[in-house]
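Protein chains in written order, with my numbering: chain A, 49 to 333; chain B, 6 to 314.
Cβ coordinates follow ideal geometry from the N, Cα and C atoms, glycine included.
To keep things clear, I will list the structure first and then write my remarks on it.
Right, dumping it as structure tokens:
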């Protein structure tokens, strides 16, 4: 800093970058944005590009110019892949519905009541939030077999609901904390039951938060890998497991793998483009 | 006990097991979640803990009591001590710190209005919604030894080629990169929400005092963002500890188990080496470690909250 700048600190609007060139800060900002876009979009862009290449062109993907959609046809001929897509869709939809139904009540409880029961539940969900999935999914491999639900929809659906209980109860508590409880008290005084106050007064106000969470929940279940890997076999293949098997089995057919991955990424792309505000709202801690 | 004044809940219970109306309502609200939690988390953990003290191989379940044998084996296993534990902690530290720094920078970049803001936000949100399995596949393809675009770029720059997935540190670096790619957007979104909720007055005061940008950041933004950053760190650190998908798809724990993290170790012991009891013992040791770490972080979080209040 020069002596003049020290004397007139108010005049120091910007430093090094504007000294380089007029509008240097603006250029620097644009460069930063460009770098960010490149960093985050490039892998996705590259995967889509690979999925559109013919089999013989994949290995020189950065050279040729031939494109084709036959990879997608070829992948969709595979019964296991189609079956896996349908399974993932069903499980994700059901798990979203049930985990939201189950956690909305416990979140409401946490938000509106205090005392021993609420404290105990809050402690429980904090502890079980920290426990790694593998600790309870490994034994669940046997437990589901004993109950006869291994490798069925039920055996996959119930753990997928259970995994979200802790985190979602916490998020739901946050949604209800943002809603003024005085309306519910008014309803109670007017003769509404506690259930009525919850279902007719509190729940409708929490719908925006719940809708946001449902989008995220659907995607997280669709993306889940560990449960599907341990708790399923040949009867209920899930798309993430099928893809992971591709990587080890057809390790060389990158065009087919990319086509499957792009299709599995479809919901994520749609949500990123059309459902941004839900995601941003649902992620608030 | 209800925060809002409700109607009186009737007479006090006559017997200890007769619950009053409010308690019944609370328990009913809780019942579905609690049942599922007990059946699918608590019960399996108890069964797993029981199994970890027994001789329980997948191909030959004797189920005879062997005490702490598996725990002793794991805690003296050189693979666990010199590879798995350092890898897990290193991944946690690197992924959280890089993600946090990048996320803070990105949140600052996004915290202004410019043309194309929505497009940039869409692209930043994308990794958050892509399955870790797919992200790992992308990275594997980009860093493919012969045909990957990274190899082509390095060749073009005349840097020679690296066998990315056949050495410990390059493959570990790809795992960290994938994790950072997946989770930086999450930091960005949360920190951006935090930045937007900050009061304007301290910044105006700083502008009057002609504070430099860096000064404003370290003396105003960071102290005010403390609690948000602490929450981010705690949540991410806990989630990072159980990383499985990325490592499984990118390296599978290889080469020669050198990039195994804790979840992979437990899975490998249970389903690859078919020793279910040892796998559950490893899983329980991991749960205890992250429990202790989480507790420490939680304490730190509480202290930060108090300081910033």
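The Cβ atoms of residue 274 of chain A and residue 198 of chain A lie no closer than 8 angstroms to each other. Secondary structure note for residue 231 of chain B: its alpha helix (DSSP H) is the uninterrupted segment 227-246. Shown here, residue 284 of chain A sits in coil according to DSSP, grouped into three states, outside any helix or strand. By DSSP's assignment, residue 60 of chain B forms a beta bridge with B/69. By the Cβ neighbour-count rule, residue 272 of chain A is buried, with 16 or more other Cβ atoms within 10 Å of its own. With the criterion set as a beta carbon lying under 7 angstroms from some beta carbon of chain B, the members of the region 275-288 of chain A are 288, in sequence order. For the options B/186, B/223 and B/53, the alpha carbon positioned closest to that of residue 271 of chain B is the one of B/53. Chain-order list of chain B residues neighbouring residue 156 of chain A: 34, by C-beta distance under 8 angstroms. For the alpha helix (DSSP H) assignment, the uninterrupted runs of no fewer than 4 residues enclosed by the region 174-234 of chain A are, from N- to C-terminal side, 181-194 and 201-225. One alpha carbon belongs to residue 159 of chain A, the other to residue 174 of chain A, and they sit about 15 angstroms apart. Listed along the chain, the chain A residues whose CB falls inside 8 angstroms of the CB of residue 111 of chain B are 84.
Contact with chain A is absent for residue 108 of chain B, since none of that chain's Cβ atoms lies less than 8 angstroms from the residue's Cβ. Closer than 8 angstroms to the CB of residue 240 of chain A there is not a single CB belonging to chain B.
For residue 43 of chain B, the number of other beta carbons within 10 angstroms of its own is below 16, and it is reported as exposed. Secondary structure note for residue 312 of chain A: its alpha helix (DSSP H) is the uninterrupted segment 302-322. For the pair of segments examined, the region 84-98 of chain B was found to touch the region 261-276 of chain B: the number of CB pairs separated by less than 8 angstroms reaches three.
About 4 angstroms separates the beta carbon of residue 37 of chain B from that of residue 150 of chain A, a gap short enough to meet the 8 angstroms contact definition.
Residues of chain A whose Cβ lies closer than 7 angstroms to the Cβ of residue 126 of chain B are, in chain order, 324. Taking C-beta separations shorter than 7 angstroms and ignoring five residues to either side along the sequence, the partners of residue 71 of chain B in its chain run 58, 59 and 60, following chain order. Counting only Cβ-Cβ distances below 7 angstroms, residue 272 of chain B has contacts in chain A at 182, in chain order.
Among the CB atoms of chain B, one or more fall inside 8 angstroms of the CB of residue 188 of chain A.
Residue 251 of chain B and residue 258 of chain A have their C-alpha atoms roughly 29 angstroms apart. Contact between the region 280-295 of chain B and the region 176-194 of chain A is present: 3 or more CB-CB pairs across the two stretches fall below 8 angstroms.
Judged by DSSP in its simplified three-state form, residue 163 of chain A adopts coil rather than helix or strand. Closest in alpha carbon position to residue 285 of chain A, among A/181, A/137 and A/319, is A/137. Contact of residue 247 of chain B with chain A by beta-carbon distance below 7 angstroms involves 180, 181 and 182. Put simply, the CB of residue 58 of chain B is far from chain A, with every gap to its CB atoms at 8 angstroms or more.
Residue 264 of chain B sits in coil when the DSSP states are folded into three classes, being neither helix nor strand. Of all residues in the region 129-140 of chain B, the ones placed with a Cβ closer than 9 angstroms to any Cβ belonging to chain A are 129, 130, 131, 132, 133, 134, 135, 136, 137, 138, 139 and 140, in chain order.
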